[in-house]
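S.K.: Protein chains in written order, with our numbering: chain A, 1 to 305; chain B, 1001 to 1562.
What follows is a single structure, and I will ask about it in a moment.
If you want it as structure tokens, here you go:
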């Protein structure tokens, strides 16, 4: 197990290097640069800015300097907001994205698993069809539709909840629901299929034969196996939910990292984009590793080697 | 005076968000319809958009738009940055909230020499927020800082009106003492100009001319303006900043005019999404949704509300022609294209009368400026021009392409113009929309035929528009130049009599419109929503607002006592 983890961690290094290199050259290949504006920046000032940030040096020199910075985890100041370092942008934005994502995932699990279990236990009955239809609807309504719709109903018509921002529990409800609802649907469907597979197994039949109550069977025996698909889904889902909430962050004006990242890409804020890409990449790799480890613990058939 | 602000919301997210916009549009139009019913109060029979209850505290909350890039008067560019500067620092003069006339700021009074070249400013006794006195030396240092090339101040050019400033900035003059700025004592600042500049007292209220606390800037570097370090001389001081979220400002108790500042503080959100901005206004979180943050599709629904305000703005939307293009170098073709556009129709149909059709390049609103006749919609004349260009009825004309940066509004305008050219000239044109970076590179690199452009005036004078078309100006981007035009601009800059100067500028504009490297389309307008209890924030030509004059009127809905 330890060797497995160590090996995976070692593999991170070449992976991150490839990611960094591709991003670096793609970023430079994109037209324009950080010092472009509709209002012309005078040539001499632009040159001085480029000198200040070393953008006048040959590309390979810049690449080497960037790799050096990356190793030290210091990307310097953001080009667009020179009063902030890239590290500060990540440190202030990521906890917000992480909180938003965690609540959304928790919401998705809390709602999705019970729906899946109920549907599985009532296979092919009305309640099963109804909940799966609802789940399908959930998957099909994208966040950029659900968000404004929820705002319209709960903020602008009923005046119950604030329409945006991230400044207290009441502001967090709508964005969490918006971001989580797509995952509710996925989790419900995965739970249902996992449960259906498990409840046909011999050991469940044995448990029933022993006269255990249905609740206990579901809770103690079926759920553990039935949730395996959900667990394997959880890794990528958690990573996606934390890193990919750009639309929700924008609709609700949440100061998360996703928004800074996308704006950074449009502004050609090289340092910011590079820093965030590497940060996201490490986060994804570590999260996948965590899921593999958890999977091994939950399912004795999986051997980590 | 205004800083530059994106005329459209700037760089745009990719397709998914574009889809979000169109779906969001439908939903929000629904919201807008419902809003009419939900408006809780009404004045003169007109409903208000959302809540009209004043905030509990004496704090004005508004959306300041995109996250400012740099908060530093000498380095800031752009409207959001400029607003944050104007809240915290004060120059020699400040602008009247509605007329924009210069009022005394840090300078108590001033004298101008008879030749119009030398201003002597007398500073009032004022303090920085850390107790230092504000001296003429602060201005001297701050202005020299902007003019030092290594500072990389993008708006350094705004100081070129001062004698030898340009030479010093560009390195041809080494001695900082030769710049026309002198501080003989702590309360006197003597400024010598290159040429008489009738609008110089407006410039001194602009943020590039504001003083920066040297000791603070030198100690903390680029982080000096963060709330934990910042030292100010203006009406408010930043106490809290959460990037991409908000700034909180508290009344500065050392400000010289503190007795006339009625607000206890200002809260400025950084929300770049227009729909979100409007939602927060409707819910009553913000008290003021400034111009530029009202989605166009909402205009028909809010334009009749009592808290909607509309006024002309110092900005022009236009198309430019790349005159280095083998086709577009033909002036008759440019005329044909320019005179076959029905500007009235674009403004009334697409913008529901919320933009002003405009056939000139200098924006409307300059009293006494002799506006040239400008371009009109005349399909018969346009056809004659096309024939003179060598393409009677459009025959033999290769396909032309209109380039614009990705945006719904730009696309709609381009499509209308495409159909007008088809209808009135019989020519086919293609449309090419480009991502922001590519668009900028292609316009500056003269790699286009016809391009969407816009220009927002930097200061309240026609020269802010006309100077763009001087030979070699970075904002020209057409390849066009004219020796007569350039010499008229030089002549105007040496003329002190305002009427004579305006007359010369008018002649220059007439040349520009006659040779039409540009095809003006409309004059921008300000469209803002402001709660009825917000007072002292008035629409003005440059959309600049000094919040020292703002206050919250808790009696707004009470009848006036006789």
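From the three backbone atoms N, C-alpha and C, an ideal C-beta is built for every residue, glycine too.
May I have the straight-line CA-CA distance separating residue 1454 of chain B from residue 1223 of chain B, to the nearest angstrom?
M.R.: Walking along the second chain from the start, residue 1454 of chain B turns up at place 454. Walking along the second chain from the start, residue 1223 of chain B turns up at place 223. Their backbone Cα atoms lie some 33 Å apart in a straight line.
S.K.: If you pair each beta-carbon of the segment 1358-1366 of chain B with each one of the segment 1421-1433 of chain B, do three or more pairs fall below 8 Å?
M.R.: Short answer: they don't touch.
S.K.: Would residue 317 of chain A count as contacting chain B if we go by Cβ distances under 8 Å?
M.R.: Outside the displayed range of chain A (1 to 305) lies residue 317 of chain A, so it cannot be described from this structure.
S.K.: On the criterion of 16 or more Cβ atoms from any shown chain inside 10 Å, does residue 129 of chain A qualify as buried, or is it exposed?
M.R.: On the first chain, position 129 is the one that residue 129 of chain A refers to. The residue in question, residue 129 of chain A, is exposed, as its Cβ has fewer than 16 Cβ neighbours within 10 Å.
S.K.: DSSP state of residue 1051 of chain B, grouped into three classes?
M.R.: For the purposes of this step, residue 1051 of chain B is taken as the residue at position 51 of the second chain. Coil at residue 1051 of chain B, not helix or strand.
S.K.: Could you name the residues of the same chain whose beta carbon sits closer than 8 Å to that of residue 1554 of chain B, not counting the 5 residues immediately before and after it, in chain order?
M.R.: Here residue 1554 of chain B refers to the residue found at position 554 of the second chain. Here the set comprises 1054 and 1533.
S.K.: What is the C-beta distance between residue 1092 of chain B and residue 1074 of chain B, in whole angstroms, given that I count them as a contact (C-beta under 8 Å)?
M.R.: Walking along the second chain from the start, residue 1092 of chain B turns up at place 92. Walking along the second chain from the start, residue 1074 of chain B turns up at place 74. Their Cβ separation, rounded to whole angstroms, is 15 Å, which puts residue 1092 of chain B and residue 1074 of chain B out of contact at 8 Å.
S.K.: If you drop the 5 nearest sequence neighbours on each side, which residues of the same chain put their C-beta closer than 7 Å to that of residue 1034 of chain B?
M.R.: One-based indexing of the second chain puts residue 1034 of chain B at position 34. Bear in mind that a pLDDT of 48 at residue 1034 of chain B, under 50, signals an unreliable position, so the number given afterwards is only what the model happens to contain. Closer than 7 Å at Cβ, skipping near neighbours: no residue.
S.K.: Measure the beta-carbon distance from residue 139 of chain A to residue 65 of chain A and round it to whole angstroms, keeping in mind my assumption that it falls under 8 Å.
M.R.: Residue mapping note: residue 139 of chain A aligns to position 139 of the first chain, counting from 1. Residue mapping note: residue 65 of chain A aligns to position 65 of the first chain, counting from 1. The pair is not a contact, with the Cβ atoms about 45 Å apart (cut-off 8 Å).
S.K.: Applying a beta-carbon distance threshold of less than 7 Å, which residues of chain A neighbour residue 1462 of chain B?
M.R.: Reading the second chain from its first residue, position 462 is the one you call residue 1462 of chain B. None at all; the shortest Cβ gap to chain A is about 18 Å.
S.K.: So for residue 13 of chain A, helix, strand or coil by DSSP?
M.R.: For the purposes of this step, residue 13 of chain A is taken as the residue at position 13 of the first chain. Helix, per DSSP.
S.K.: Could you check whether the Cβ of residue 1486 of chain B sits closer than 7 Å to any heavy atom belonging to the ligand NAD?
M.R.: This structure lacks the ligand NAD, and indeed carries no ligand of any kind.
S.K.: Whole beta strand (DSSP E) runs in the segment 1230-1294 of chain B with 3 or more residues, listed along the chain?
M.R.: Here the runs fully enclosed are 1236-1242, 1246-1251 and 1265-1269.
S.K.: Which residue wins for smallest C-alpha separation from residue 1195 of chain B, given the options B:1242, B:1119 and B:1095?
M.R.: In the second chain, residue 1195 of chain B corresponds to position 195, counting from 1. For the residues B:1242, B:1119 and B:1095, the minimum Cα distance to residue 1195 of chain B belongs to B:1119.
S.K.: Since residue 1280 of chain B contacts residue 1456 of chain B with CB under 8 Å, what's their CB separation in whole angstroms?
M.R.: Here residue 1280 of chain B refers to the residue found at position 280 when the second chain is read from its first residue. Here residue 1456 of chain B refers to the residue found at position 456 when the second chain is read from its first residue. At roughly 25 Å, the Cβ-Cβ gap does not stay under 8 Å, so residue 1280 of chain B and residue 1456 of chain B are not in contact.
S.K.: Taking the C-alpha atoms as reference points, what is the distance between residue 13 of chain A and residue 286 of chain A?
M.R.: The residue labelled residue 13 of chain A in the question sits at position 13 within the first chain. The residue labelled residue 286 of chain A in the question sits at position 286 within the first chain. Looking at the two C-alpha atoms, the distance is approximately 12 Å.
S.K.: From the DSSP output, in three-state form, read off residue 1132 of chain B for me.
M.R.: The residue given as residue 1132 of chain B occupies position 132 in the second chain. Residue 1132 of chain B: coil per DSSP, three-state reduction.
S.K.: Would you decide whether residue 166 of chain A is buried or exposed? Buried here means 16 or more other CB atoms lie within 10 Å of its CB.
M.R.: Stepping through the first chain from its first residue, residue 166 of chain A is reached at position 166. Buried: at least 16 other Cβ atoms inside 10 Å.
S.K.: With respect to the beta strand (DSSP E) encompassing residue 1312 of chain B, which residues constitute its N-terminal and C-terminal limits?
M.R.: The residue you call residue 1312 of chain B lines up with position 312 of the second chain. From DSSP, the beta strand (DSSP E) with residue 1312 of chain B extends over 1308-1321.
S.K.: Determine the DSSP secondary structure at residue 1166 of chain B, reduced to helix, strand or coil.
M.R.: Indexing the second chain from 1 puts residue 1166 of chain B at position 166. Correct three-state label for residue 1166 of chain B: helix.
S.K.: Quick check on residue 1434 of chain B: does DSSP put it in helix, strand or coil?
M.R.: What you label residue 1434 of chain B is simply residue 434 of the second chain in a count that begins at 1. Strand at residue 1434 of chain B.
S.K.: Whose CA, out of B:1243, B:1151, B:1213 and B:1081, lies closest to the CA of residue 1071 of chain B?
M.R.: Taking the second chain and counting its residues from 1, the one referred to as residue 1071 of chain B is at position 71. Residue B:1081 is the option with its Cα nearest to residue 1071 of chain B.
S.K.: Specify, as a first and last residue, the run of the beta strand (DSSP E) that residue 1523 of chain B falls within.
M.R.: For the purposes of this step, residue 1523 of chain B is taken as the residue at position 523 of the second chain. 1518-1530 is the span of the beta strand (DSSP E), which, as asked, contains residue 1523 of chain B.
S.K.: Let me confirm a value: residue 1260 of chain B is counted as buried when at least 16 other C-beta atoms fall within 10 Å, else exposed. Which label applies?
M.R.: For this step, residue 1260 of chain B is matched to residue 260 along the second chain. So residue 1260 of chain B ends up on the exposed side.
S.K.: At a CB distance below 7 Å, what residues from the segment 1406-1438 of chain B approach chain A? Give them in sequence order.
M.R.: The residues in question are 1436, 1437 and 1438.
S.K.: Measuring only between beta-carbons, confirm whether residue 1242 of chain B sits less than 8 Å from chain A.
M.R.: In the second chain, the residue the question calls residue 1242 of chain B occupies position 242. Cβ-Cβ to chain A under 8 Å: yes for residue 1242 of chain B.
S.K.: From the DSSP output, which residues share a beta bridge with residue 1403 of chain B?
M.R.: Within the second chain, residue 1403 of chain B is the residue found at index 403, counting from 1. The partner list for residue 1403 of chain B (beta bridge, DSSP) reads B:1432 and B:1451.
S.K.: When you compare each of B:1233, B:1094 and B:1468 to residue 1202 of chain B by their alpha carbons, which one comes out closest?
M.R.: Here the question's residue 1202 of chain B lines up with position 202 in the second chain. Considering only alpha carbons, the answer is B:1094.
S.K.: For residue 1040 of chain B, count neighbouring C-beta atoms within 10 Å of its own C-beta (all shown protein chains included) and say buried if the count is 16 or more, exposed if not.
M.R.: Stepping through the second chain from its first residue, residue 1040 of chain B is reached at position 40. With a pLDDT of 47 at residue 1040 of chain B, under the threshold of 50, the predicted position of this residue should be treated as unreliable, and no value is reported.
S.K.: With 8 Å as the threshold, decide whether the Cβ of residue 1273 of chain B is near any Cβ in chain A.
M.R.: On the second chain, residue 1273 of chain B is found 273 positions in, with the first residue counted as 1. Yes, residue 1273 of chain B counts as interfacial toward chain A.
S.K.: One question on the structure: do residue 1252 of chain B and residue 1063 of chain B come within less than 8 Å of each other, judged by their Cβ atoms?
M.R.: Locating residue 1252 of chain B in the second chain gives position 252, counting from the first residue. Locating residue 1063 of chain B in the second chain gives position 63, counting from the first residue. No, they are not a contact pair.
S.K.: Are the C-beta of residue 1282 of chain B and some C-beta of chain A separated by less than 8 Å?
M.R.: On the second chain, residue 1282 of chain B is found 282 positions in, with the first residue counted as 1. Yes, residue 1282 of chain B counts as interfacial toward chain A.
S.K.: With respect to the beta strand (DSSP E) encompassing residue 1103 of chain B, which residues constitute its N-terminal and C-terminal limits?
M.R.: One-based indexing of the second chain puts residue 1103 of chain B at position 103. It spans 1102-1104 - the beta strand (DSSP E) in which residue 1103 of chain B sits, taken as one unbroken run.
S.K.: Answer yes or no: does any C-beta atom of chain B fall closer than 8 Å to that of residue 57 of chain A?
M.R.: Stepping through the first chain from its first residue, residue 57 of chain A is reached at position 57. By this cut-off, residue 57 of chain A is not an interface position.
S.K.: Is the segment 200-214 of chain A touching the segment 233-251 of chain A, taking contact as three or more C-beta pairs under 8 Å?
M.R.: The answer is no - the segment 233-251 of chain A does not touch the segment 200-214 of chain A, with fewer than three Cβ pairs under 8 Å.
S.K.: Strictly under 8 Å for the Cβ-Cβ distance: is residue 1581 of chain B near chain A by that measure?
M.R.: Lying outside 1001 to 1562, the shown extent of chain B, residue 1581 of chain B is not represented and no answer is given.
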